[in-house]
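Heads up: the structure comes next, in structure tokens.
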Amino acid sequence: MNPQIQAIAELDRVIHEPGRLMIAALLFAVEKADFLYLQHETGMNKGTLSSHLSRLEEAGYVEVVKTYRGKVPLTLLHLTGAGRKAFEQYRRKLKEAL
Amino acid sequence: MDEIKGLLNRPKYYNNIDGVGELEAGVGALSFAFFQWTLVRSPAHSAWHSMWVFYIYFGSMWAILHYGTKAIKERITYPRTGFVEYRKRDRVGPTILAVVAAPASLTLIMLAVRRHWDLTTGASLVGLLSAASYAYHFAREVRWKWAVASAMALSSILIAILPGDLIGSLTGHSWLAVCLPSFMLWGPLLLISGAISFWLYLRHTEAPAQDAQ
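Chains as they are written, first to last, in the working numbering: chain A, 1 to 98; chain B, 1001 to 1213.
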């Protein structure tokens, strides 16, 4: 098989979806961020963002910690080791494909 | 790929989304300028020349800037546009740079004083480098900040071409105040730029309802 086509076929489908790719890229650049930051940066509504985060959490790429800032609920998110590895691999594969 | 690179750089720009980074730098520059100005104008035996005043002054300034910035972020920025904790790797780099740059700069200044070099030229060069650094970190994302970067660069060139006597009378002909003209110009520039960003941030964002997070 053509190596470029093979690289496309090997792209991680969980990360490849544009919404989740945005989330993974934003979280890759930080230690952790809260739900509001991701909502602000991606422009997604709460429902869509939650659904993408659930998918990333199921894949073991994102860890969600629910806590409080004062009396206000706060959802902190960070990319796990597997998530970082998957994102780096995704970028490498995408570069190969292009 | 460029879009992914852009997303990876977003958190860096987020640090100054509210202009607080520039406000902090502006207050820092003006407080440093004030200290230098006082140092060259006070008698040699005054308390301003003692080390403990130096430590108290800069310790207090650090505390005001650090906790002031933290308070603004916690009360205004995080509830409006969210919280970000930067990677340790991104914080270690600037710290190492500062640790290396500070003694290197001090050595260079000592060498310059010993050899009677013209320090205003050196200060102007540092000014141009700072303007370039400002452009790289802030103006790339927010276009109108190119005006601030240009003003910083122009003021550095202005300091270099102004008559030596004029600069000398301001700095008391002392190498201790070699950065005083630059800081006096940049302080207000950064404060104005930061205040405009802060005003724009408050205007275009609003705190969501408490259950929004």
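Each residue gets a CB set at the ideal place from its N, CA and C atoms; glycine is no exception.
Computed from a predicted structure; not experimentally measured.
Given that residue i touches chain A, what residues does it touch there, using C-beta distances under 8 Å?
i: Lys1073/B; result: The contacting residues do not exist; Lys1073/B stays about 12 Å from chain A at best.
Could you tell me the distance, in whole angstroms, from the CA atom of residue i to the CA atom of residue j?
i: Lys66/A; j: Ser50/A; result: 13 Å
i: Ile1159/B; j: Val1178/B; result: 11 Å
i: Ile1161/B; j: Thr1171/B; result: 16 Å
i: Ala1212/B; j: Phe1138/B; result: In this predicted model, Ala1212/B has a pLDDT of only 46, less than 50, meaning its place in the structure is not dependable; the value taken from the coordinates is given anyway. Their Cα atoms are separated by approximately 30 Å.
i: Leu76/A; j: Gly60/A; result: 15 Å
i: Met1051/B; j: Ser1060/B; result: 14 Å
i: Leu11/A; j: Leu98/A; result: 12 Å
i: Gly83/A; j: Leu56/A; result: 8 Å
i: Phe1054/B; j: Glu1074/B; result: 30 Å
i: Leu36/A; j: Arg1080/B; result: 8 Å
i: Leu21/A; j: His40/A; result: 15 Å
i: Ala1132/B; j: Thr1107/B; result: 23 Å
i: Tyr68/A; j: Ala1101/B; result: 40 Å
i: Ser1042/B; j: His78/A; result: 53 Å
Can you confirm whether residue i, when its beta carbon is compared against all beta carbons of chain B, has any partner nearer than 7 Å?
i: Tyr37/A; result: yes
i: Glu17/A; result: no
i: Ala25/A; result: yes
Let me know the secondary structure DSSP gives residue i once reduced to three states.
i: Tyr61/A; result: coil
i: Glu1074/B; result: helix
i: Leu11/A; result: coil
i: Leu74/A; result: strand
i: Thr80/A; result: coil
i: Thr42/A; result: helix
i: Ala1212/B; result: Model confidence at Ala1212/B stands at a pLDDT of 46, short of 50, so the residue's coordinates are unreliable; what they give is reported in the following sentence. The answer is helix: DSSP assigns Ala1212/B an H, G or I state.
Report the neighbours of residue i on chain B: residues whose CB is nearer than 7 Å to its CB, in chain order.
i: Asp12/A; result: By Cβ distance, chain B contributes nothing, its closest Cβ being about 13 Å from Asp12/A, past 7 Å.
i: Arg91/A; result: Ile1004
Can you name the residues of chain A whose CB is closer than 9 Å to the CB of residue i?
i: Tyr1086/B; result: Ala29, Val30, Glu31
i: Ile1076/B; result: The premise fails here: Ile1076/B is roughly 13 Å from chain A at the closest Cβ pair, so nothing lies under 9 Å.
Quick check on residue i - is its C-beta less than 7 Å from some C-beta in chain A?
i: Pro1011/B; result: yes
i: Gln1213/B; result: Note that Gln1213/B has pLDDT 47, beneath the 50 cutoff, so the model's placement of it is unreliable and no number is given.
i: Val1020/B; result: no
Run through chain B and tell me which residues come within less than 9 Å of residue i, C-beta to C-beta.
i: Glu41/A; result: Leu1007, Arg1010, Pro1011, Tyr1014, Thr1081, Gly1082
Interface residues of chain B around residue i at Cβ under 8 Å?
i: Met22/A; result: Leu1007
Should the stretch 15 to 34 of chain A be regarded as contacting the stretch 1002 to 1010 of chain B, the criterion being three or more beta carbon pairs within less than 8 Å? Contact between the stretch 15 to 34 of chain A and the stretch 1002 to 1010 of chain B is present, with at least three C-beta pairs closer than 8 Å.
Quick test of the definition: if touching needs 3 or more C-beta pairs under 8 Å, does the stretch 1191 to 1199 of chain B touch the stretch 1021 to 1031 of chain B? Enough Cβ pairs lie closer than 8 Å, so yes.
Cβ pair count under 8 Å reaching 3, the stretch 1011 to 1021 of chain B against the stretch 1065 to 1073 of chain B: At 8 Å Cβ cutoff, the stretches touch.
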